[in-house]
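Residue numbers (UniProt numbering): 1 to 481.
A short write-up of the structure that comes next.
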Amino acid sequence: MTLNAQPAASLFIGGRPVEGEGGALPVLYPYTGEEIASLREASAGQVAEACRVAARAQPAWAALAPAERGRVLSRAAAIIRERNEELSRLETLDTGKPIQETLVADWESGAQALEFFGGLAASITGQMIPLGRDWAYTRREPLGVCAGIGAWNYPSQIACWKAAPALVMGNAMVFKPSEETPLGALKLAEILLEAGLPAGIFNVVQGRAEVGAALATDPNVDKVSLTGSVPTGRKVYAAAAEGMRHVTMELGGKSPLIVFDDANPEHAVSAAMLANFYSSGQICSNGTRVFLQEGIRDAFLDRLAERVRNVRMGDPLDPATTHGPIINPAQAGKIRAAIASGLEQGARLLCGGPGEGAFIPPTVFTDASDEMTITRDEIFGPVMTTLGFHDEEEVITRANATGFGLAAGVFTQDLTRAHRVIAQLQAGTCWINSYNLTPVEMPFGAVKQSGLGRENSAAAIEHYSQLKSVYVGMGGVDAPY
Ligand code: NDP
Numbered sequence: 001m002t003l004n005a006q007p008a009a010s011l012f013i014g015g016r017p018v019e020g021e022g023g024a025l026p027v028l029y030p031y032t033g034e035e036i037a038s039l040r041e042a043s044a045g046q047v048a049e050a051c052r053v054a055a056r057a058q059p060a061w062a063a064l065a066p067a068e069r070g071r072v073l074s075r076a077a078a079i080i081r082e083r084n085e086e087l088s089r090l091e092t093l094d095t096g097k098p099i100q101e102t103l104v105a106d107w108e109s110g111a112q113a114l115e116f117f118g119g120l121a122a123s124i125t126g127q128m129i130p131l132g133r134d135w136a137y138t139r140r141e142p143l144g145v146c147a148g149i150g151a152w153n154y155p156s157q158i159a160c161w162k163a164a165p166a167l168v169m170g171n172a173m174v175f176k177p178s179e180e181t182p183l184g185a186l187k188l189a190e191i192l193l194e195a196g197l198p199a200g201i202f203n204v205v206q207g208r209a210e211v212g213a214a215l216a217t218d219p220n221v222d223k224v225s226l227t228g229s230v231p232t233g234r235k236v237y238a239a240a241a242e243g244m245r246h247v248t249m250e251l252g253g254k255s256p257l258i259v260f261d262d263a264n265p266e267h268a269v270s271a272a273m274l275a276n277f278y279s280s281g282q283i284c285s286n287g288t289r290v291f292l293q294e295g296i297r298d299a300f301l302d303r304l305a306e307r308v309r310n311v312r313m314g315d316p317l318d319p320a321t322t323h324g325p326i327i328n329p330a331q332a333g334k335i336r337a338a339i340a341s342g343l344e345q346g347a348r349l350l351c352g353g354p355g356e357g358a359f360i361p362p363t364v365f366t367d368a369s370d371e372m373t374i375t376r377d378e379i380f381g382p383v384m385t386t387l388g389f390h391d392e393e394e395v396i397t398r399a400n401a402t403g404f405g406l407a408a409g410v411f412t413q414d415l416t417r418a419h420r421v422i423a424q425l426q427a428g429t430c431w432i433n434s435y436n437l438t439p440v441e442m443p444f445g446a447v448k449q450s451g452l453g454r455e456n457s458a459a460a461i462e463h464y465s466q467l468k469s470v471y472v473g474m475g476g477v478d479a480p481y
């Protein structure tokens, strides 16, 4: 291994690194395919042990004053910021994403979540309900043990986005990163411990789908929060239902980005590029169906074709690189198959194509129709499908004609139209004259098949806690017998 990212051990249980007793889990650098770490999966016994340890540790953590829990998260955020460079390099090795991105978008976003929920801790309260002589109050209580299951595109951000609201509410967590990107969550476990988190409150197990499935049905697990694809979401939701467990599902999408004639073309092109090519297109909320009104279509496509030439594909550790490799050959193969299907079904390439090896260049289809596979299915790669439209009503109907409902964007200078259109789009997270910005202050989540629950913002607290109602009798008890 010339690039060595070997952690102390594969798992983190009860406040210490523990070696996995399951199958081998090699970690490959997507750019070169070289093995940068050699991990082992958790055995079934270790998954159960991690959940038991979490369940044992959780009550004492929940008994602390919320501000004390908040301070631990705030300290963790500070440690992440101090080590951002080293952590971002590891993220780049784990995911293949350009260092230019990981330095600003991954651990930094995780730090923001820890900072936000750490700061929120002391202000989370219940309600006092006056009832005349009597009264009632509510307590917001933790759920217990939360299982977090992550995807490979933003592994450390996903771990932080799930851990921060869960931990601040007094829950414990057992987190399983994607088998493709197992390294960041282990760093988060170390950092949280260093920040003062008690042993056993944040645990990491590694493994493939069976490990995720074991977590979703473990008797000690009270909630499952998954970031992944819609098919996996269906399975995990069903498995969690058997134990009446709470769920958060952050799943896939095929989101519309609607550009009206009066839009600022330069900004609309910037947004469409970010919404399709950032992280080599491996982003759930991407605006992959770009609807262009007839009057702006040609100018938009001309400028897009020009600006795609500025994309620098190459070594992810080179700070000048803006376009990295795809996570693994299997995913690259799926993207290439999608590109081939677009061509077979009659769409035309404005730029890009299948590329070579680990790289797929920014690819833009024109002359696509709503029925084509490239317009209907999530590709999870740098592939933009552009579609023409005439009027507002038509584009709203077409934008909503999908089972997905994660995100949507509208570009127009007409404010009334912007809000009118957004109100009719079936999506959980929307942008006007912007795209894919997900500040921690704003709830993030989906409608329809793209999931349920919300991450980020105070709204996430509701998904990592439950309400207890307490009626307080202040006088005697009247009874008819
Ligand atoms: P997958 O659905 O394949 O996997 C997600 C996670 O679930 C992985 O850790 C995976 O393990 C695990 N898993 C797979 N099968 C099961 C199962 N039966 N029970 C429990 N856990 C299981 O998604 P990808 O990792 O391929 O990520 C890409 C998908 O994630 C895309 O659809 C994308 O849109 C979506 N996504 C959604 C986001 C959102 O916030 N809405 C953000 C990022 C991505 P393993 O990888 O080891 O197989």
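Just so you know, even glycine gets a beta-carbon here, dropped at the ideal spot from N, CA and C.
The Cβ atoms of Gly346 and Asp315 do not sit closer than 8 Å to each other. Straight across, the Cα-Cα distance linking Glu378 with Arg133 is about 57 Å. DSSP places Tyr137 within a strand segment (E or B) once states are collapsed to three. Pairing Arg40 with Gly22 gives a Cβ-Cβ distance under 8 Å.
At a Cβ-Cβ threshold of 8 Å, Ala121 and Pro198 do not count as neighbours.
Ala50 and Asn203 have their C-alpha atoms spaced approximately 7 Å apart.
Listed in chain order, the non-local C-beta contacts of Pro319 below 7 Å within the same chain comprise Ile99 and Gln100, local neighbours out to five positions each way being set aside. Collapsing the DSSP output to three states places Glu242 in a helix.
Between Ala216 and Val236, the CB-CB gap stays under 8 Å. Contiguous alpha helix (DSSP H) elements confined to the segment 235–305 occur at 265–277, taking only those with 4 or more residues.
When DSSP reads this structure, Ser469 sits in a beta bridge with Thr138. A straight-line Cα-Cα distance of about 16 Å links Met372 and Phe389.
In the pairwise beta carbon analysis, the segment 301–310 is classified as not touching the segment 394–402: fewer than three pairs are separated by under 8 Å. Beta bridge pairing from DSSP links Phe202 with Met173.
The alpha-carbon of Arg89 is positioned some 44 Å away from that of Lys468. In this structure, Pro325 keeps its C-beta atom at 8 Å or more from the C-beta atom of Tyr137. Here Met169 is buried. Its C-beta has 16 or more other C-beta atoms within 10 Å.
Exclusion of Ser10 from the 7 Å shell around the ligand NDP follows from its C-beta lying no nearer than that to any non-hydrogen atom of the ligand.
Between Glu190 and the set Ile422, Asp222, Glu455 and Ser156, the nearest pair of CA atoms involves Ser156. By a beta-carbon distance limit of 8 Å, Ile396 does not contact Gln413. Their separation comes to about 18 Å. With a cutoff of 7 Å, Lys162 does not count as near the ligand NDP, since its C-beta is closer than that to no heavy atom of the ligand. In the DSSP assignment, His323 is bridged to Met313.
Ser369 is the residue among Ser369, Ala8, Lys223 and Ala459 whose C-alpha sits nearest the C-alpha of Gly342. Proximity of the segment 103–117 to the segment 75–90 meets the contact definition, three or more beta-carbon pairs being nearer than 8 Å.
In the structure shown, Glu378 adopts coil according to DSSP, grouped into three states.
Residue burial annotation: Leu93 is buried, with at least 16 other C-beta atoms found within 10 angstroms of its C-beta. Membership of Val221 in any beta strand (DSSP E) is not indicated, and neither H nor E is assigned to it by DSSP. Asp222 sits buried, since 16 or more C-beta atoms from the chains shown fall within 10 Å of its C-beta. With respect to the C-alpha of Ala209, the residue from Gly200, Ala195 and Glu179 having the closest C-alpha is Glu179. According to DSSP, Pro130 shares a beta bridge with Trp135. Your pair Leu73 and Leu167 checks out as a contact, with CB atoms roughly 7 Å apart and the cut at 8 Å.
In the three-state reduction of the DSSP assignment, Pro17 falls in the strand class, which pools E and B.
For the 8 Å CB-CB criterion, Trp161 and Glu455 form a contact.
Contact between the segment 107–116 and the segment 69–85 is established, with three or more Cβ pairs separated by less than 8 Å. Per DSSP, reduced to three states, the secondary structure at Thr92 is helical. Under DSSP, Ser38 takes part in a beta bridge, and its partners are Pro26.
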